[in-house]
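Number of protein chains: 4
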Amino acid sequence: MSTADVGPVFTLATGPVGSTPATRAALAQPVLHHTDPGFRALYAETVTLLRSAFGASVDPVIFPGEAVVGIEAAAAALIGPDDVVLNLVSGIYGQSFGRLAGRFAREVIEVETAYNDSVDPADVAEALARRDDVTIVSVVHCETPSGTVNDLDAISQLAAASGALLIVDAVSTFGGMPIDVEHWPGIVIAAPQKALGGTPGLSLLHVSDDAWRHIAANPNAPRGSALSIEGWRDAYRPDRAFPFTPSVSDIYALRSVLQQYLAEGPENAERRHRRAARAVRAGAQALGLSLWADRGALLADTVTAIEMPAGVDEAEVRSVARAESGVMLAGGQGPLRGRVLQIGHMGPAAYPMSPVIAVTALGHALRRLGAKADIGAAVEAALAARDVGDDDHGGPDSTAKTGSEPQ
Amino acid sequence: MSTADVGPVFTLATGPVGSTPATRAALAQPVLHHTDPGFRALYAETVTLLRSAFGASVDPVIFPGEAVVGIEAAAAALIGPDDVVLNLVSGIYGQSFGRLAGRFAREVIEVETAYNDSVDPADVAEALARRDDVTIVSVVHCETPSGTVNDLDAISQLAAASGALLIVDAVSTFGGMPIDVEHWPGIVIAAPQKALGGTPGLSLLHVSDDAWRHIAANPNAPRGSALSIEGWRDAYRPDRAFPFTPSVSDIYALRSVLQQYLAEGPENAERRHRRAARAVRAGAQALGLSLWADRGALLADTVTAIEMPAGVDEAEVRSVARAESGVMLAGGQGPLRGRVLQIGHMGPAAYPMSPVIAVTALGHALRRLGAKADIGAAVEAALAARDVGDDDHGGPDSTAKTGSEPQ
Amino acid sequence: MSTADVGPVFTLATGPVGSTPATRAALAQPVLHHTDPGFRALYAETVTLLRSAFGASVDPVIFPGEAVVGIEAAAAALIGPDDVVLNLVSGIYGQSFGRLAGRFAREVIEVETAYNDSVDPADVAEALARRDDVTIVSVVHCETPSGTVNDLDAISQLAAASGALLIVDAVSTFGGMPIDVEHWPGIVIAAPQKALGGTPGLSLLHVSDDAWRHIAANPNAPRGSALSIEGWRDAYRPDRAFPFTPSVSDIYALRSVLQQYLAEGPENAERRHRRAARAVRAGAQALGLSLWADRGALLADTVTAIEMPAGVDEAEVRSVARAESGVMLAGGQGPLRGRVLQIGHMGPAAYPMSPVIAVTALGHALRRLGAKADIGAAVEAALAARDVGDDDHGGPDSTAKTGSEPQ
Amino acid sequence: MSTADVGPVFTLATGPVGSTPATRAALAQPVLHHTDPGFRALYAETVTLLRSAFGASVDPVIFPGEAVVGIEAAAAALIGPDDVVLNLVSGIYGQSFGRLAGRFAREVIEVETAYNDSVDPADVAEALARRDDVTIVSVVHCETPSGTVNDLDAISQLAAASGALLIVDAVSTFGGMPIDVEHWPGIVIAAPQKALGGTPGLSLLHVSDDAWRHIAANPNAPRGSALSIEGWRDAYRPDRAFPFTPSVSDIYALRSVLQQYLAEGPENAERRHRRAARAVRAGAQALGLSLWADRGALLADTVTAIEMPAGVDEAEVRSVARAESGVMLAGGQGPLRGRVLQIGHMGPAAYPMSPVIAVTALGHALRRLGAKADIGAAVEAALAARDVGDDDHGGPDSTAKTGSEPQ
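Chains as they are written, first to last, in the working numbering: chain A, 1171 to 1577; chain B, 1171 to 1577; chain C, 1171 to 1577; chain D, 1171 to 1577.
What follows is the structure, encoded as structure tokens:
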């Protein structure tokens, strides 16, 4: 059977995660000149929408460049030659940020945990107590390859108490799980192509007033460069100009997904992600698979990392799922390559049918590759876990691995 | 009259320049995951299309980032601490490149001419003779704010003869005027949102084998950074991965505009741009306006810079043209701000009616602001100049200011 | 020069007249099943929007079938074997309606005027006085091929006074000129693809309560047929079903154009059409052409019929305008074929630049065919006539040929 | 949970059945004037594509009007006052055609079978033997509400042998099951919104030369009416005009779906429909439900009719499936209302995941309404039945109820 027979593609990966008809309609709008008054107004409106979505009291920055670019730009801006960075590592992205911070900081120290676990706030407290010269704490909210989150509430309080600024990679949580930028002093980096369901190509930055001051005092912060975030700070104001041409169509899409997100309501969006997460986890386990995350880890509502049975290559599983079911999963990252794949359940990939589609395609691919998989049981478990949450209120179990998961 | 009364926007600016229905249909396609086999195949096809459009014997690089980003990345990659750069300056962009090169080079020397003129190849020859340690010659093909081009045929021969590599900003010519990357040793930077009629957000790089070697030998070339072009060199190959997520929708649009360009044929596209250029120049002059370019300058076929009458602010002219005619012009750059505006006649802004729309809106705005403008004469002149070229064969007069222009 | 060189098509014809980006975005939405609750709600909303646009106190009927189908269905429903129809003829469409009415009526009598004139209400009064058994008066509001309108205010009063029902073809006026369905007792037929700028394929019917009663009493009204309008009367109600599947995408487009129309406001839309009409008329006359309409005729704000110079075939003019300027005009109807073409200035063809584009393309084509045409003068005249109306208030001159037209 | 939570709508109904991205891109193209040379060429190309898709040696007719309109128009054209029609009735649509034929024919005689069965060709043979004055045999290929097909191969041979013309409603088979218009003398009516995945609003007619002669001889065939098919016969020819404006956007969509169908290949499309059909039937039965079709009936590959358990209203089931799973099913027709619903598995609703989505949503809704449903077993059965066919070659079992169905 050729790929052409498969028809629609269900993108249940870790971003991009597909797009709604409204988003695609936005993308199809005429490409205006970036100084066109129509575009200028639309851009300013988008900044306002993003501020609402962030729940922030300061205007955010729309930075032209995919999240990886935005993270580099944020790090380069915030981390100066006098800074000591405490980098929290619970996965591949945290590890990678440590290397990046090392290019700018006086010193980078790390608290590391296993890549299937979450950072223990007690370890953070201890590190901050040991080194009172830490000026910046860096942390990844959701380690996408691991499907785990770090406890930002606790970590941000510790950072605030020690007078350090935070730099938070909230790329794969924003839009699907609560973020609290007002209480996270520093910089938070998000992106449109994850739980918002937008296009890749932009970074969405919350920068607190303290962080702006820290940047202004950093002699090495990029200026007059493509990596400078300062030039984009006020670019939406009528009396300012864009440092260079923003990606017009990606801005159209961003405005649309923010409108969709705010119309749905953050709480509804979060509940929708919780339902999908519960269903995917239960379904994967009913297929006989193990979640990659350790029992003690905090689980993400936007992505689930799943360990393959011995002898089964996750890349082959994904290939078969795509070719025979039209379902696109994610995986293949760093040390987890070959062993762990991810089901993204964020944005347009987090609707009632998404988990059913995901576990069916996954189970079907496993069988093709000779593994056992009880697809019927997986679908039943996914539905049961999904629906049990119809009356939930986002309680404490929503990011906990144990408790509400039917097993 | 409110803006809403104006209806369709005719974007006759300097990029973005609007978009065709085919381009918008491409943008509206579902946002696939960047590792989706469908997207991977489409991306590889796009690289091949771009190579054809470049007329190149090596595969080009699609770099994620608007042209300004791509130019910075190219400069950072090519220009190392041992390089002496001869920077040719005939306008704002050339001047700006000198500052950029200064961040990376051992030394930057410049040949400068008035911003309404083209660089004289004899001056380049002299500079290269004087300084045989020049390793890189940098030049802007079309100085958009000035509407002028530099003589790349002559300059590239001089560079080749002296063993220097070129770094050419061909952003606002590629797709509308001939470029000859095979004979321009080094790096050529183009972009989709100019004469191709695509979206902003990508840079299109031709890098010769010699240039790749030079980059490899540059200890300071960005690596492991958002500004690294090396990571994108082979990213289209089945056995490679993208350094980070490319802007999926912008790639869709790029593929579409390259298909449209190749279907039209480069020669037809160039002739279309010549026709529009002749018409706009003649129309502007019949309005009683002066071209910004000096008589000796080589004129661009993609953009015309026009000086406003004394006492008339180009920003106001553009504002009125947009508000009352729905026509978006460009202007307001650097030292020319307030005095010189540009009519873009590139890509979807270079069709038979485009010059008529441009000069009518321009004339109408001038009148509103109290200046005299013979719109009827301008339309007639534009039509006459446009149509005289139906039998042209792209002869030497096509970029010359004198000769074929009806005045 | 091939057609491919021409680029964008400016559809300045008599319907369809192009489409806005918003309309095309609506068309691109997923095709829902017609019983889908999402589509049912959207359909009901569309009925409400149309009622607002009609300014009616009763719900309108969206009939699946282009205007010609809707007119036949309306006639078949309203005109029974006992009816005497007074058919007013001032052009091709009125003439054609007489033949149609003859299939259903006991007798059809006619008041006819020259096809470049409007029906004189005095003649209508006389006919109604002569024949007090007239039960239905049929009239075309705008005779598209002639560019003329009939005086519906006067005619509707006469019909009302005589107790006759009206059947009005308002297809090419609704959305661009005032209609007053509340004072036009009977049936008014409109369509989306004219001054609303929608797609062809639907008829929009206002049917008064009296008319519904007349239909109910007509033993020959189509029932259980594709031509039955009664089945669609209440089809939008939750407890009813569609007689058959409506054209889902055309409904999407209709909803969108109604939203656009109501957001602009009927008065603004009408003023926009008046401006375009004045400009086109003045421009055509400055090209040395005569309007087809007689001096005494009432002129349409949505379309202008223009007589070609002796020896020039209007079909050839249109062909050249399309091939060389990308401008699509209309013409070629009935006895006017070869002599008279129409410029449509309705919907998306009635914006400030539209008349300039129209008269330039028209003049250019005339020249190609050997006729003289002062395009510069025409553009100037069009602009002058257009702008003189910026302060108009829709006074009596708005549909009068004389007076405000600069000549 | 509100409808808004449900996200994407999976339209697994009986037409429209959703639309592919390519189809939606086609719909979003600018609305050209119907006489535009670009549209004329596109229309003519569409006629050629349809002829290929029909596998016909004569040009087909694209008739403006949904299938119900096209059937009425075809009947009105073909059936004259001298005709005796043998109408074969195996469901609601056949019954309805009998009433329609009665308006035009001298006499209508019928062969009727139970609505969950297929017409027995022996009964047809007997009827034709009894009445040698039958001139037209009318038959519905697929009775959508029943999910059954009639044996057109046998019936068409009988009709041919007796010299009668056929009138075949192939609306819900064309594109998903083989049709053989070349051996079906007479008229075959199809439509875009079923197995082709297009939009409603057009009828696609194959009319044999004999049928055209019969129409020409019918004094009552509609002429000069919206219901006349003769006017559209040659409308695509350069020297002809459209009787009235066709639905431009629906033609764009039709061209696109025909291109998609021919690119996939009729055999691949048919196999895809067979796979989906097997899967849906098996899944429904594993849910504990009965197919509506009798064991002896020939089953459609495009739609499956399923009987609800006692006490469960199919309308409620569909409502829940739509509200909680985003899945739109069909049902509610005539005497089957309340008891029997249909899953459409045609066009974009006949891909590998479609049956899984359908049976999961169906099972889930049944449970909500208090019925038992083993969803896990249903998904497993659907997958098993779907995949068993990967090596099938369209043998005789493909439309047979028994044999290949896992039970």
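Beta carbons: idealized from backbone N, C-alpha and C, even for Gly.
**Request:** May I have the straight-line CA-CA distance separating B:Leu1536 from C:Leu1212, to the nearest angstrom?
**Result:** Locating residue 1536 of chain B in the second sequence gives position 366, where the first residue counts as 1. Locating residue 1212 of chain C in the third sequence gives position 42, where the first residue counts as 1. B:Leu1536 and C:Leu1212: Cα-Cα distance of roughly 46 angstroms.
**Three-state secondary structure (DSSP) of A:Asn1438** = For the purposes of this step, residue 1438 of chain A is identified with residue 268 of the first sequence, where counting begins at 1. If DSSP states are grouped into helix, strand and coil, A:Asn1438 belongs with the helices.
**Message:** I'd like to know whether the C-beta atoms of B:Pro1370 and A:Val1418 end up nearer to each other than 8 angstroms.
**Reply:** Position 200 of the second sequence holds residue 1370 of chain B. Position 248 of the first sequence holds residue 1418 of chain A. Contact: yes.
**Request:** Below 7 angstroms CB to CB, which residues in the same chain sit around D:Ala1245 once its five sequence neighbours on both sides are set aside?
**Result:** Residue mapping note: residue 1245 of chain D aligns to position 75 of the fourth sequence, counting from 1. Short of 7 angstroms from the beta carbon of D:Ala1245, and not among the five residues preceding or following it, lie these beta carbons of its own chain, in chain order: Leu1270, Ala1271, Phe1274, Ile1337.
**Asked** If we count the other Cβ atoms within 10 Å of its Cβ and call it buried at 16 or more, is B:Lys1542 buried or exposed?
**Response** Position 372 of the second sequence, counting from 1, holds the residue named residue 1542 of chain B. So B:Lys1542 ends up on the exposed side.
**Message:** Would A:Val1319 and A:Ala1475 be called neighbours here (beta carbons separated by less than 8 angstroms)?
**Reply:** Taking the first sequence and counting its residues from 1, one reaches residue 1319 of chain A at position 149. Taking the first sequence and counting its residues from 1, one reaches residue 1475 of chain A at position 305. Going by C-beta atoms, A:Val1319 is not nearer than 8 angstroms to A:Ala1475.
**Asked** Where in the segment 1337-1423 of chain B do unbroken runs of the alpha helix (DSSP H), each at least 4 residues long, occur, reported from the N-terminal end onward?
**Response** 1379-1386
**Asked** Which residues mark the beginning and the end of the beta strand (DSSP E) in which B:Glu1277 is found?
**Response** Counting from one through the second sequence, the residue named residue 1277 of chain B turns up at place 107. Run containing B:Glu1277: 1277-1282, per the beta strand (DSSP E) assignment.
**Message:** Let me confirm a value: B:Asn1390 is counted as buried when at least 16 other C-beta atoms fall within 10 Å, else exposed. Which label applies?
**Reply:** On the second sequence, position 220 is the one that residue 1390 of chain B refers to. B:Asn1390 should be labelled exposed.
**Request:** Look up A:Phe1267 in the DSSP assignment and say whether it is helix, strand or coil.
**Result:** The residue given as residue 1267 of chain A occupies position 97 in the first sequence. Correct three-state label for A:Phe1267: helix.
**Message:** For A:Leu1220, report the span of its alpha helix (DSSP H) as first-last.
**Reply:** For the purposes of this step, residue 1220 of chain A is identified with residue 50 of the first sequence, where counting begins at 1. Looking at the DSSP string, the run of the alpha helix (DSSP H) that includes A:Leu1220 is 1207-1224.
**Prompt:** Between B:Asp1557 and A:Leu1375, what straight-line distance do the alpha-carbon atoms span, to the nearest angstrom?
**Reply:** One-based indexing of the second sequence puts residue 1557 of chain B at position 387. One-based indexing of the first sequence puts residue 1375 of chain A at position 205. Between the C-alpha atoms of B:Asp1557 and A:Leu1375 there is a straight-line separation of about 51 angstroms.
**Request:** For C:Thr1530, name the three-state secondary structure that DSSP assigns.
**Result:** Your numbering for residue 1530 of chain C matches position 360 in the third sequence. In this structure, C:Thr1530 counts as helix in the three-state DSSP scheme.
**Prompt:** Quick one: does C:Gln1199 have its CB under 8 angstroms from some CB of chain A?
**Reply:** By 1-based counting over the third sequence, the position of residue 1199 of chain C is 29. Judged by the 8 angstroms Cβ criterion, C:Gln1199 is in contact with chain A.
**Asked** Can you name, in chain order, every residue of its own chain whose Cβ lies under 7 angstroms from the Cβ of B:Arg1410, other than the five neighbours on each side?
**Response** The sequence position of residue 1410 of chain B within the second sequence is 240, counting from 1. Excluding positions up to five away in sequence, the list reads Asp1404.
**Message:** Using only the alpha-carbon positions, how far apart do D:Ile1262 and D:Glu1242 sit?
**Reply:** Counting from one through the fourth sequence, the residue named residue 1262 of chain D turns up at place 92. Counting from one through the fourth sequence, the residue named residue 1242 of chain D turns up at place 72. Distance between the alpha carbons of D:Ile1262 and D:Glu1242 is about 16 angstroms.
**Asked** Can you tell which of A:Ala1223, A:Glu1282, A:His1515, A:Pro1436 has its C-alpha closest to the C-alpha of A:Val1310?
**Response** Taking the first sequence and counting its residues from 1, one reaches residue 1310 of chain A at position 140. Ranking the options by Cα distance to A:Val1310, first place goes to A:Glu1282.
**Prompt:** Beta-carbon separation of D:Ala1247 and D:Pro1392 under 8 angstroms?
**Reply:** Here residue 1247 of chain D is taken as the residue at index 77 of the fourth sequence, counted from 1. Here residue 1392 of chain D is taken as the residue at index 222 of the fourth sequence, counted from 1. Yes; because the gap between Cβ atoms is below 8 angstroms, this pair is in contact.
**Message:** Against chain A, with Cβ distances strictly below 8 angstroms, would D:Trp1399 count as a contact?
**Reply:** Locating residue 1399 of chain D in the fourth sequence gives position 229, counting from the first residue. Inspection of the sequence shows that residue 1399 of chain D is occupied by Ile rather than by Trp. Among the CB atoms of chain A, none fall inside 8 angstroms of the CB of D:Ile1399.
**Asked** the segment 1502-1519 of chain C: which residues have C-beta closer than 8 angstroms to a C-beta of chain B, in chain order?
**Response** Pro1518
**Request:** Alpha carbon to alpha carbon, how far is B:Thr1218 from A:Ser1578? Give it in angstroms, no decimals.
**Result:** Residue numbering for chain A in the displayed model covers 1171 to 1577; residue 1578 of chain A lies beyond these limits and cannot be assessed.
**Request:** With B:Ile1545 as the anchor, note down where its alpha helix (DSSP H) starts and where it stops.
**Result:** Here residue 1545 of chain B corresponds to residue number 375 of the second sequence, with the count starting at 1. It spans 1545-1558 - the alpha helix (DSSP H) in which B:Ile1545 sits, taken as one unbroken run.
**Request:** Would you please verify whether the beta carbon of C:Gly1496 is less than 8 angstroms from any beta carbon of chain B?
**Result:** Along the third sequence, one-based indexing puts residue 1496 of chain C at 326. In terms of beta-carbon proximity, C:Gly1496 lines the interface with chain B, with at least one pair separated by less than 8 angstroms.
**Prompt:** Under 8 angstroms between the Cβ atoms of B:Gly1235 and B:Ser1395?
**Reply:** Translated into positions along the second sequence, residue 1235 of chain B becomes position 65. Translated into positions along the second sequence, residue 1395 of chain B becomes position 225. No, the Cβ-Cβ distance between B:Gly1235 and B:Ser1395 is not below 8 angstroms.
**Message:** Which of the three DSSP states is assigned to C:Ser1308 in this structure?
**Reply:** The count along the third sequence starts at 1 and reaches residue 1308 of chain C at position 138. In the three-state scheme derived from DSSP, where H, G and I count as helix and E and B as strand, C:Ser1308 is classed as strand.
**Request:** Could you tell me whether the segment 1509-1518 of chain C touches the segment 1330-1349 of chain C, using the rule of 3 or more Cβ pairs below 8 angstroms?
**Result:** They touch, by the three-pair rule.
**Prompt:** Which same chain residues, not among the five before or five after B:His1563, have their C-beta less than 6 angstroms away from its C-beta?
**Reply:** Taking the second sequence and counting its residues from 1, one reaches residue 1563 of chain B at position 393. Reliability fails at B:His1563, whose pLDDT of 43 lies under 50, so the model's placement of it is uncertain and no value is given.
**Request:** Taking C:Glu1236 as the query, report the chain D residues whose CB atoms sit under 9 angstroms from its CB, ordered along the chain.
**Result:** On the third sequence, residue 1236 of chain C is found 66 positions in, with the first residue counted as 1. Within 9 angstroms Cβ-Cβ: Pro1234, Ala1396, Phe1414, Thr1415, Pro1416, Ser1417.
**Message:** By the DSSP assignment, the beta strand (DSSP E) with A:Ala1480 in it spans what residues?
**Reply:** Looking up residue 1480 of chain A in the first sequence gives position 310. No beta strand (DSSP E) holds A:Ala1480; DSSP gives it neither H nor E.
**Item:** Opening and closing residue of the alpha helix (DSSP H) in which C:Leu1511 lies
**Value:** Reading the third sequence from its first residue, position 341 is the one you call residue 1511 of chain C. Run containing C:Leu1511: none in the alpha helix (DSSP H); it sits in the beta strand (DSSP E), 1510-1514.
**Asked** Quick one: is B:Gly1371 near chain A, going by C-beta distance under 8 angstroms?
**Response** On the second sequence, position 201 is the one that residue 1371 of chain B refers to. Yes, its Cβ sits closer than 8 angstroms to a Cβ of chain A.
**Prompt:** With DSSP run on the structure shown, which of helix, strand or coil describes B:Pro1230?
**Reply:** Start at 1 with the first residue of the second sequence, and residue 1230 of chain B comes out as number 60. Here B:Pro1230 sits in coil by DSSP.
**Asked** What is the rounded straight-line gap between the Cα of D:Gly1565 and the Cα of D:Arg1444?
**Response** Counting from 1 along the fourth sequence, the entry for residue 1565 of chain D is found at position 395. Counting from 1 along the fourth sequence, the entry for residue 1444 of chain D is found at position 274. Because D:Gly1565 carries a pLDDT of 40, less than 50, the predicted location of this residue cannot be relied on, and no value is offered for it.
**Request:** Have a look at B:Pro1355 and D:Asp1420 and give me their C-alpha separation to the nearest angstrom.
**Result:** Against the second sequence, residue 1355 of chain B aligns to sequence position 185. Against the fourth sequence, residue 1420 of chain D aligns to sequence position 250. Taking the straight line from one Cα to the other gives about 51 angstroms.
**Request:** Select from C:Gly1333, C:Ala1331, C:Ala1324, C:Gly1508 the residue whose C-alpha is nearest the C-alpha of C:Ile1349.
**Result:** Taking the first residue of the third sequence as 1, we reach residue 1349 of chain C at position 179. Comparing Cα positions, the closest option is C:Ala1324.
**Asked** By the criterion of Cβ-Cβ separation under 7 angstroms, what are the contact partners of A:Val1549 in chain D?
**Response** Along the first sequence, one-based indexing puts residue 1549 of chain A at 379. In chain order: Thr1530, Ile1545, Gly1546, Val1549.
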